[in-house]
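So the structure is just underneath, and the comments pick up after that.
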Amino acid sequence: MSKLDPEAVINLAPVKKTAMPTVGPGLLLALSDGFMLALLGWTLIQLFGSDTLTPEGDLSQRALVTGLMLVPLVKSVFGIYSLGRFDYLERTRRTFQAALLSVAVLAVPFIVMDGFRSFFVEALSVALIGFAITYAADLLLVHGLMASALNWRTPVVIVGAGPQGAAIAEKLQRLPWLGMRPVCFFDDDDTLWQTRVANLPVVGSTDLLAKSPAYAQQAQAAIVADIGRHKNELTALVERLPFKQVYCLLGEGNVSAVDATYHNLHGSLALRVSVRPPTSYLRIRRALDILLSGILLVAVAPLMLGIAAAIRLDSPGPVMFRQKRWAGGDKTFDVLKFRSMHINAEEHLQRLLENDPKMREEYMTYHKLTYDPRITPVGRFLRKTSLDELPQLVNILMGDMSLIGPRAYMPKELPEVGASADVIGSVRPGLTGYWQVSGRHRTTFQERVAMDVFYVRNCGLLFDFYILCKTAVIVLKGDGS
């Protein structure tokens, strides 16, 4: 259960036999960490070990063992080995907290014990290297190997085939490392029966799950996608569902928070959402924007000159493209990009949408086209590598944008953004952001809005660092728009 999408989890039926035992993911993660730490220890001994046994050498070996043992111990305290279904951000957050605790644990004896300070410095160094290596191994295992194994992903049915149900089904299908595999929908709205939503069948009413064991055996858990529809009937609905675990979604981004926690108020389940004032964080981020954008502009200046020459040779028209973007309230600014389309692109788009119903439907859903004939050959390369957005470093330096933030929406898109505009407009738009590293062009417009709302309500330096790391991976993979 990810804290990024808070859910109430209600245990009900006797435990069923799952495709992979519950201990499976955690055990695999622990074994992976054990292997990586053993490999790290062997490598350090080969590089820095000594054949002659001295008191200093013995102390270094003890520090090595201490640092290596500290990693799995603290990770288990933070429940990282049970995070099989947690996403990148939650795993990163807990690993960072575990590393901070290790620093605190070793800092106290370092201060009070004068004769053994080198021991604690060596142990802490080994522990921090161990956290970094095992973190990378965990991501590779969970998001690479285990995500592709269908037997590991828990099959779930989704109760509610409305917009929230469709959104969570699409998310689980697109992000297999969340550890859940939706198999079908159940909904009491008979107009949806025998139809398909998000490429999954809507089987029938929720009563079928209780009346027919054959339907219940399709999955090991259920997700109630829209608890607002059920209101006072939610408890009765949950009790009718024949599963050990039922996940009740509280919303798609609007009520979630990274640091949300659950409390048992003498039998009543409560969700505590911390609202953090962003004033200090925004000041720090603005200082970092000025520093980093200035350094990057100097570093990529030769590359930008080369791109400008390539655009000139590729097609007629200006090198730079300017477009009005919304900056909150009544403010707008001119976003800068390298031109990636032929001139008169907007007129060409209107003709395409008028003459091609499929393209019109795709554009209305995603506000993008998978194959856009308006894009030039050089522009296609620039978009794939995200190099067309380099001039926005100037926007960042001038204060129009930030390195990380919500999408820079066009003013004409504000009616579709709706009430979420008040939240999104409270911070500067970003060169990259949460939606860009969470599906990008494969997400619908409303999903982008929900992700932007989620980012604004949970923004912080750790969250920004996570987005920057994922952005670097996406750019290196060439997974641009």
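FYI, the numbering for the sequence shown is 7 to 487, going by our numbering.
From the three backbone atoms N, C-alpha and C, an ideal C-beta is built for every residue, glycine too.
Take the alpha-carbon of Ala105 and the one of Val114: they are about 15 Å apart. Taking the C-beta atoms as reference points, Val209 is found nearer than 8 Å to Phe191. As computed with DSSP, Trp332 is found in a beta bridge with Thr338.
Around the beta carbon of Asp213, fewer than 16 other beta carbons lie within 10 angstroms, which makes this residue exposed. Assignment of beta-bridge partners to Phe191 by DSSP yields Ile164 and Val208. The Cβ-Cβ distance between Ile86 and Val165 does not fall below 8 Å. Assigned with DSSP and collapsed to three states, Ile296 falls in helix. Linking Arg187 to Gln179 through their CA atoms gives a straight-line distance of about 7 Å.
Between Ala129 and Met42, the gap from beta carbon to beta carbon reaches 8 Å or more. For Arg345, the closest alpha carbon among the candidates Pro31, Tyr221, Phe102 and Ser321 is that of Ser321. The shortest C-alpha to C-alpha distance from Gly300 to any of Glu419, Lys476 and Leu403 is the one to Leu403.
For Met310, same chain residues with a beta-carbon under 7 Å away, outside a window of 5 residues either side, are Leu396 in chain order. Within the same chain, Leu468 come within 7 Å of Phe102 by CB-CB distance, once the 5 residues on both sides are set aside.
Remark: C-beta atoms of Val433 and Val462 approach each other more closely than 8 Å.
Taking 8 Å as the cut-off, the beta carbon of Arg331 is found closer than this to the beta carbon of Tyr415.
Listed as beta-bridge partners of His269 by DSSP are Ala276.
For the 8 Å CB-CB criterion, Pro412 and Pro435 form a contact. Taking C-alpha positions only, Thr140 is separated from Leu33 by approximately 14 Å.
By the Cβ-count criterion, Glu245 is exposed, with fewer than 16 other Cβ atoms from all chains shown falling within 10 Å of its own Cβ.
DSSP, read as helix, strand or coil, puts Val433 in coil. Rounded to whole angstroms, Leu198 and Arg386 show a C-alpha spacing of 40 Å. When the beta-carbon positions are compared, Pro248 and Ala216 come within less than 8 Å of each other. Lys343 has its alpha-carbon roughly 39 Å from the corresponding atom of Leu206.
A distance below 8 Å separates the beta carbons of Asp406 and Phe339. Distance check between Asn350 and each of Arg380, Met365 and Arg366 places Arg380 closest, using alpha-carbon atoms only. Here Glu360 is exposed. Its C-beta has fewer than 16 other C-beta atoms within 10 Å. DSSP places Ser321 outside any alpha helix (DSSP H), giving it a letter other than H or E. Per DSSP, the continuous beta strand (DSSP E) segment holding Ile410 begins and ends at Ser408 to Ile410.
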